[in-house]
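Respectively, the protein sequence lines represent chains X and R.
Per numbering that gives the first Met the number 0, residue 0 is the first one in the first sequence, and the count goes up by one each step.
Per numbering that gives the first Met the number 0, residue 0 is the first one in the second sequence, and the count goes up by one each step.
Report on one structure; see the data block that follows.
Protein chains: 2
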Amino acid sequence: MEIKELSKSIIELYEKLSTWEEGVVKDSGLTTAQNHTIEIVGHEGAIKMKELATKLGVTTGTLTVSVDRLEQKMLLRRVPHKSDRRSYLIELTDKGQEVFKMHHNHHLNLTREMMADFSEQEQLAFHVAIKKVLNNF
Amino acid sequence: MEIKELSKSIIELYEKLSTWEEGVVKDSGLTTAQNHTIEIVGHEGAIKMKELATKLGVTTGTLTVSVDRLEQKMLLRRVPHKSDRRSYLIELTDKGQEVFKMHHNHHLNLTREMMADFSEQEQLAFHVAIKKVLNNF
DNA sequence: AATATTAGTTTGATACTCAAAATACTTGAA
DNA sequence: TTCAAGTATTTTGAGTATCAAACTAATATT
C-alpha cells in the first residue's frame, strides 16, 4: 500500500522538477534540447558528435541541426579533430560557458531551497538515500 | 560544499528518471506529449480543453492537434459540454484507461525496484524527506 | 588497391510548439 | 432584447525536433 503513495510522491517530485527546469530554460531563450546539449558539453568538455548524440539519446542527424543552431547562437563550436579528419570536437565558447555556469547556479539555488528546513543530519541521510536509489536502477 | 554534491545527485536522479520515462513511453507507441496528456486526463477525469492545456503548460492551439491525434488513436474522446456549447470535456476511452493503468503499473514497478534494498524504516524516512522537499518549492 | 566501416551531413516526412486570426457561443449592459 | 465584450476552441503559418535512409568523405581492413 505504502509503495503507491511513495510512487505518487516520486512522480510529483519529478513533474515539479520538470516544470521548474522548463521554466528556467525558457527564460534563457533556449529550447530544452539545446539546453541539454549545453549541459552535456559543459560537463564532458570537448566531445565528438557521435558520442554527444549517444549521450543525448538522439541520432547524429538530429544533432547536426541542433549543433548548427547552437553554433549560430555562438554557444558552442566545431573544432576539427586532430587525427581524424572526418570528425569534430564540440566545445563551448566563452558565451556557452557563461550559460552553463548560470544554469549550474540555478540548480544550486534550487537545491538549497529544497533543503531549506532540513537539518544537517536529514540532508545527509537524504543524500545517502538518493545515492542508494541511483544504484538500484 | 556538500550542497554541490547533493545537487549533482538530484540532477542525476532526474536525468535517470527522464531517460527511463522516455524509454517506457516510446515502447508504448506514444510521444512524451501524448503520454503526458493521457496521464493528466487519467488522474483528473473529464476535463475541459482550456484547463487541460493549462495543466500541460501548452496553448489550446497545441492541445487541439494533440487531442486530434489521441482521438484518432482511440485513446480519448471529446464529449460536448452540457451547458456550454463552445466547450468539450475530454475523457479517456476504455483503451485509454488501459494505457493509463499500464503506465501506472510501470511506475509502481520502478518504485519497487528503486526501494529494493531499503528497510521499512529507510523507505518511510525517504518518503517523508521527499514530501518535505515538495513543500519547499 | 579494393572493400568495408565510420563520422558527419543532408533529405523527406511527421510531430510539437507558439502567436495570431478566425469561428462559434455566452455573458453583461444599455 | 440586442449588441458589444469576453470566452472556448480551431485554424493557420512558421520554427524547431525528431527519425530513418541516402549520401559524402575519410579511415581501417584484408
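Cβ coordinates follow ideal geometry from the N, Cα and C atoms, glycine included.
Review point. Cα-Cα, which of R:Glu112, R:Gly95, R:Lys25, R:Val40 is closest to Lys72 of chain R?
Key: As a first step, residue 72 of chain R must be located in the second sequence, where it is residue number 73. Of the candidates R:Glu112, R:Gly95, R:Lys25, R:Val40, the one whose C-alpha sits nearest the C-alpha of Lys72 of chain R is R:Gly95.
**Study point:** Other residues of its chain near Thr63 of chain R: CB distance less than 8 Å, five sequence neighbours each side excluded
**Key:** Working through the second sequence from its first residue, we reach residue 63 of chain R at position 64. Correct list, in chain order: Met48.
Check your understanding: For Val78 of chain R, which of helix, strand or coil comes out of DSSP?
Key -> To locate residue 78 of chain R, count along the second sequence from 1; it is residue 79. Three-state DSSP puts Val78 of chain R in a strand.
Practice item. Name the one or two DSSP bridge partners that Leu51 of chain X has. Key: Translated into positions along the first sequence, residue 51 of chain X becomes position 52. When beta bridges are read from the DSSP output, Leu51 of chain X appears opposite no residue.
Check your understanding: Using the beta-carbon of each residue, which ones in chain R are nearer than 7 Å to Glu11 of chain X?
Key -> Working through the first sequence from its first residue, we reach residue 11 of chain X at position 12. Residues of chain R passing the Cβ test: Leu133.
Exercise for review: Determine contact between the region 26–43 of chain R and the region 29–44 of chain X, defined as no fewer than three beta-carbon pairs at a distance below 8 Å.
Suggested key: no
Check your understanding: Excluding the five sequence neighbours on either side, which residues of its own chain have a C-beta within less than 8 Å of the C-beta of Leu75 of chain X, listed in chain order?
Key -> The residue given as residue 75 of chain X occupies position 76 in the first sequence. Thr36, Ile37, Val40, Val66, Leu69, Ile89, Glu90, Leu91, Thr92, Gly95.
**Study point:** Rounded straight-line distance, which links the Cα of His80 of chain R to that of Leu137 of chain R
**Key:** Because chain R here runs from 0 to 136, residue 137 of chain R falls outside it and cannot be looked at.
Review point. For Leu91 of chain X, which of helix, strand or coil comes out of DSSP?
Key: On the first sequence, position 92 is the one that residue 91 of chain X refers to. Of the three classes helix, strand and coil, the one that applies to Leu91 of chain X here is strand, per DSSP.
**Study point:** Rounded straight-line distance, which links the Cα of Arg84 of chain X to that of Gly56 of chain R
**Key:** For the purposes of this step, residue 56 of chain R is taken as residue 57 along the second sequence, with counting starting at 1. For the purposes of this step, residue 84 of chain X is taken as residue 85 along the first sequence, with counting starting at 1. Cα to Cα, the separation comes out at about 44 Å.
Check your understanding: How many angstroms separate the CA atom of Thr53 of chain R from the CA atom of Met101 of chain R?
Key -> Taking the second sequence and counting its residues from 1, the one referred to as residue 53 of chain R is at position 54. Taking the second sequence and counting its residues from 1, the one referred to as residue 101 of chain R is at position 102. Those two C-alpha atoms are separated by around 25 Å.
Point to revise | Residues that Ile46 of chain X bridges to, as DSSP identifies them | key: The sequence position of residue 46 of chain X within the first sequence is 47, counting from 1. Paired residues: X:Ile89.
Review point. Terminal residues of the continuous alpha helix (DSSP H) containing Phe136 of chain R?
Key: As a first step, residue 136 of chain R must be located in the second sequence, where it is residue number 137. Here Phe136 of chain R belongs to no alpha helix (DSSP H), and DSSP marks it neither H nor E.
Check your understanding: Just to check, is the beta-carbon of Ser82 of chain X closer than 7 Å to a non-hydrogen atom of the ligand SAH?
Key -> No copy of the ligand SAH appears in this structure; indeed no ligand is present at all.
Point to revise | C-alpha gap between Ser86 of chain R and Glu50 of chain R, whole angstroms | key: Numbered from its first residue, the second sequence carries residue 86 of chain R at position 87. Numbered from its first residue, the second sequence carries residue 50 of chain R at position 51. Distance between the alpha carbons of Ser86 of chain R and Glu50 of chain R: 11 Å.
Point to revise | Minimum Cβ-Cβ distance from Arg111 of chain X to chain R less than 8 Å | key: Start at 1 with the first residue of the first sequence, and residue 111 of chain X comes out as number 112. Yes, contact with chain R.
Point to revise | Cutoff 8 Å: Ala124 of chain R Cβ touching any chain X Cβ | key: Residue mapping note: residue 124 of chain R aligns to position 125 of the second sequence, counting from 1. Cβ-Cβ to chain X under 8 Å: yes for Ala124 of chain R.
Review point. Where do the N-terminal and C-terminal ends of the alpha helix (DSSP H) with Gly60 of chain R fall, by residue?
Key: As a position in the second sequence, residue 60 of chain R is number 61, starting the count at 1. Counting along the chain, the alpha helix (DSSP H) containing Gly60 of chain R begins and ends at 59–71.
Check your understanding: Among R:Val23, R:Ser118, R:Ile2, which residue has its Cα nearest to the Cα of Phe99 of chain R?
Key -> Counting from 1 along the second sequence, the entry for residue 99 of chain R is found at position 100. When each option's Cα is compared against that of Phe99 of chain R, the closest is R:Val23.
Check your understanding: Roughly how many angstroms separate the alpha carbons of Phe136 of chain X and Glu112 of chain R, rounded to a whole number?
Key -> The count along the first sequence starts at 1 and reaches residue 136 of chain X at position 137. The count along the second sequence starts at 1 and reaches residue 112 of chain R at position 113. Straight-line measurement puts the Cα of Glu112 of chain R at about 7 Å from the Cα of Phe136 of chain X.
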